[in-house]
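For reference, the structure discussed in these notes is given below.
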């Protein structure tokens, strides 16, 4: 595409982002070229993305990448393949940046995947793929994110949209203005580059993030966000980066309180913690993606079983009908959560211990089983009103 | 003796005529093999033992009319046979010029006569011998048969012609009853193994089927020719002693001992005589039967004689063994050792062991064993041989990092003037402790050497594998780097980056990259 065409058809924010990212790439990899030309062993110094190098910053309530780094050297037999993959990935991304393309991570996988044909030390002809599965190319992509200190969104790499949002607000995406209150029965799919979204005007008092897409749809059709002046968001399971960044911006820039509604099980709680604190695998993004002020609205164990100060939301009969016996993997996961620094609070310890004691879990849908209006008009408003949530 | 028995003597020829299986002529197949073997061994004895590089031509022809009749011709370029000896050399069993102690392939000088005798019995044609000694002006041709009853040659034809080319050597042609289809495998194997231990020989073989095997000379050195040696006192028995006394010119016992034996000097002879109370000045011919028996015992017992010499032996030598194994088996690794001489019943013996590994050798469940005694391949009775016991029982091959099936050949050569064969067939060697020990030590030596080689090879392979692991990524990395090298003042070519990266790998894995001069030797195009 010529310069003119680029300007004519593409949004100006994208163009700026491209130039910035491409410059960073040149900077980092030009050093590698210089090393090779100078006869030095080429090395990449990459921050470690491991649990041991993940630090929980209590003060800021964030999971952050620690200072540990490792060297990925071409001459290290164990690292050589990864070294090649890293450079291959860098080249593909760089080419996409300067050619004004928008690859997805799957595209990156296909663009880089090809065979290397070689003669082994015994003279046999062998073939090896640059990478075999997307898992491999994704891992290298994450290495590049920390190496060049750019998120993939900043490199204009797209991923499948997962998160959705509706509410009484207008945004600018690219060069269009979108009214999120006029999405019909559908919803606005949060774009993979949420930083390029501009908030125009917003009429809402809080944000409700729902783990489950089905519950999101029920609440949307029932008019929850209109009735309670809410922005309704779903992550449709484990939140992708775009949804997390979008939620973070709603909180940070618009000062809207964020309430998160998940299943009452260890997976639901971890989803909440990813929104709030960040994830271990992507701790390097937490600073931009996590929302430390997000609140866990439910469903909590005390909501189901009650405690000495609180009457449960379910009757004995309902509880018998709705709760599911926890599986071994649930128990194991709960025990892991107990070890995470950021779950070591009084409230969470209590929650997890009740779970371990009762060995029972509950899905949000169970509450709609009690009637959609119970969830919409009783459970959620009561919990917010009485501040019955975990911070 | 209460029952009257009829006594008569039979001639040696008649004895072997009646007991031909003893000499290896038990059946037509074995007889054909044995005939080839005897003639080839004589041919080699006539050459390498006299410093001549052997040119041996062997052919077996099938008779056009009579089934099971084969004509064997063996021609050599050896020292030849003096004309007047030719009839006896081929026509008188147990004919021998004089008592000589030295290593030769044939021990009794019996082989050729047996072939002639066997041919005569089964086919009835005379043997044809053509021979010329070195510098002989004439070449002689004889047609000979054997008078079995009288054990003497019958000369049917004698002729000669001028030796214009200066040829010397012997050609023997004998018609025997044989079975080629059954003997084929053994004959071919025999010649192949002979070639292994005589890489300094040219050997050409033409089979009845017209196939021609050529083993070209690849070594330009010969094993040292064996010297004649006197008997060692520990190795004599009563009969031998009597024979020696009858032939000696010595006038006194002291003279006899110091002249006719090895390992005995005048001083030692005097000490020996006084230790056992013999009369030093007695003429040995005057010794009584009792004295002789006492003397034999004393000679065996006295332990101050010097050890038997080994220079009458002709070991092949580790160098030639390696050359032979390399040439015939085409392995990737060989080694060999010639052990120091040892003594067995007063006779010195030398054990040699060779090993060949990999390459064209087929992997087998057990090592391939190539046995030789005085350079003669032993093909029969392998499992009862001491060398088999050593390699199959005494050696734990896993200790040498060998896991079977493995491509291993072990060569064991025993040479000596008295080899402890197990039977009259002379096809397997008995488990004499000193010999077993020598073979075992030899095998351990070469196995250790193989182990070191394999470890080194494995290490080199590992290094090469590592180097290739890096090199195979070079073109990919170079291509990626050119993308970022654009910003430099001049565009940088992928080839430049490739060669720089290759230099880095070369510096680290220098020794393992002998055959690789660029990444393009490793990475191939996909088309």
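Protein chains in written order, with my numbering: chain A, 335 to 725; chain B, 6 to 532. Cβ atoms here follow ideal geometry from the backbone N, Cα and C, with glycine treated the same way.
TODO: Check whether the Cβ of residue 288/B sits closer than 7 Å to any heavy atom of the ligand GTP, and report yes or no.
DONE: Although the ligand GTP was asked about, the structure shown includes no ligands whatsoever.
Task: Residues of its chain near residue 668/A, where Cβ-Cβ distance is below 7 Å and the 5 sequence neighbours each way are ignored - done: 600, 686, 689, 690
TODO: Go through its chain and collect everything with a Cβ distance to residue 658/A's Cβ below 8 Å, but skip five positions before and after it.
DONE: 694, 695, 696, 697
- [ ] Sort out for me which residues DSSP pairs residue 382/B with in a bridge.
- [x] 377/B
- [ ] Assign residue 49/B to buried or exposed, taking buried as 16 or more other Cβ atoms, counted over all protein chains shown, within 10 Å of its Cβ.
- [x] Classification for residue 49/B: buried.
Task: For residue 522/B, three-class secondary structure by DSSP - done: coil
Task: Nearest-angstrom Cα separation, counted from residue 432/B out to residue 426/B - done: 7 Å
Task: Buried or exposed by the 16-neighbour rule on C-beta atoms within 10 Å, applied to residue 650/A - done: Classification of residue 650/A: exposed, given that the 10 Å Cβ count is below 16.
Open item on the list: Assuming residue 278/B is part of the alpha helix (DSSP H), what are its boundary residues?
Closed with: 271-281
Open item on the list: Give me the chain A residues within the contact set of residue 485/B, using Cβ-Cβ distance strictly less than 7 Å, ordered along the chain.
Closed with: 421, 422, 424, 425
TODO: Check whether the Cβ atoms of residue 453/A and residue 527/B lie closer than 8 Å to each other.
DONE: yes
Open item on the list: Considering Cα atoms alone, identify which of 508/B, 175/B, 134/B, 187/B is closest to residue 161/B.
Closed with: Comparing alpha-carbon positions, the option among 508/B, 175/B, 134/B, 187/B lying closest to residue 161/B turns out to be 134/B.
Open item on the list: Let me make sure I understand the geometry here. Which of 198/B, 19/B, 315/B, 65/B has the alpha-carbon closest to that of residue 154/B?
Closed with: 19/B
TODO: Leaving aside the five residues before and after residue 364/B along the sequence, list all residues of the same chain whose C-beta is less than 6 Å from its C-beta, in chain order.
DONE: 335, 336, 337
Open item on the list: Can you check whether the C-beta of residue 458/B is within less than 8 Å of a C-beta belonging to chain A?
Closed with: no
Open item on the list: Using DSSP's beta-bridge definition, name the partner residues of residue 513/A.
Closed with: 504/A
- [ ] Say whether the region 261-278 of chain B touches the region 233-242 of chain B, bearing in mind that this needs 3 or more beta-carbon pairs closer than 8 Å, one atom from each stretch.
- [x] yes
Task: Neighbourhood of residue 709/A by C-beta distance below 6 Å, restricted to the same chain and skipping five residues each side - done: 701, 702
Open item on the list: Let me make sure I understand the geometry here. Which of 609/A, 529/A, 530/A, 485/A has the alpha-carbon closest to that of residue 545/A?
Closed with: 609/A
- [ ] Count the other C-beta atoms from every protein chain shown that fall within 10 angstroms of the C-beta of residue 682/A, then say buried if there are 16 or more, exposed otherwise.
- [x] buried
Open item on the list: For chain A, check one thing: does any of its Cβ atoms lie closer than 8 Å to the Cβ of residue 527/B?
Closed with: yes
Open item on the list: Buried or exposed for residue 721/A, going by 16 or more other Cβ atoms inside 10 Å?
Closed with: exposed
- [ ] Determine which residues of the region 497-509 of chain B have a Cβ less than 9 Å from any Cβ of chain A, and write them out in chain order.
- [x] Considering only beta carbons, the part of the region 497-509 of chain B lying closer than 9 Å to chain A consists of 497, 501, 502, 505, 506, 508, 509, in chain order.
Open item on the list: What does the alpha-carbon distance come out to for the pair residue 352/A and residue 426/A?
Closed with: 14 Å
Open item on the list: Can you pull the chain A neighbours of residue 338/B, defined as C-beta to C-beta under 7 Å?
Closed with: Correct list: empty, because the minimum Cβ distance to chain A is about 16 Å.
Task: Cross-chain neighbours of residue 414/A in chain B, by beta carbon under 7 Å - done: Neighbours of residue 414/A in chain B, taken as residues at a C-beta separation under 7 Å, are given in chain order as 474, 475, 478.
Task: Residue-level contact to chain A via CB, residue 488/B, 8 Å cutoff - done: yes
Task: residue 591/A versus residue 378/A - alpha carbon distance - done: 41 Å
Task: Listed by chain order, chain A residues near residue 469/B by CB distance under 8 Å - done: 455
Task: Under 7 Å from the C-beta of residue 418/A: neighbouring residues of chain B - done: Under the 7 Å cutoff, chain B gives 478, 481, 482.
- [ ] Tell me, please, whether the CB atom of residue 375/A is closer than 8 Å to any CB atom in chain B?
- [x] Yes, contact with chain B.
Task: Alpha-carbon to alpha-carbon, residue 314/B and residue 347/B - done: 9 Å
Task: For residue 301/B and residue 113/B, the rounded distance between their alpha carbons - done: Unreliable placement is indicated for residue 113/B, whose pLDDT of 44 sits below 50; no coordinate value is reported for it.
Open item on the list: Is the beta carbon of residue 344/A closer than 8 Å to that of residue 434/A?
Closed with: yes
Task: Residue-level contact to chain B via CB, residue 736/A, 8 Å cutoff - done: Because chain A is modelled from 335 through 725, residue 736/A falls outside the range shown and cannot be assessed.
Open item on the list: Considering Cα atoms alone, identify which of 622/A, 394/A, 588/A is closest to residue 488/A.
Closed with: 622/A
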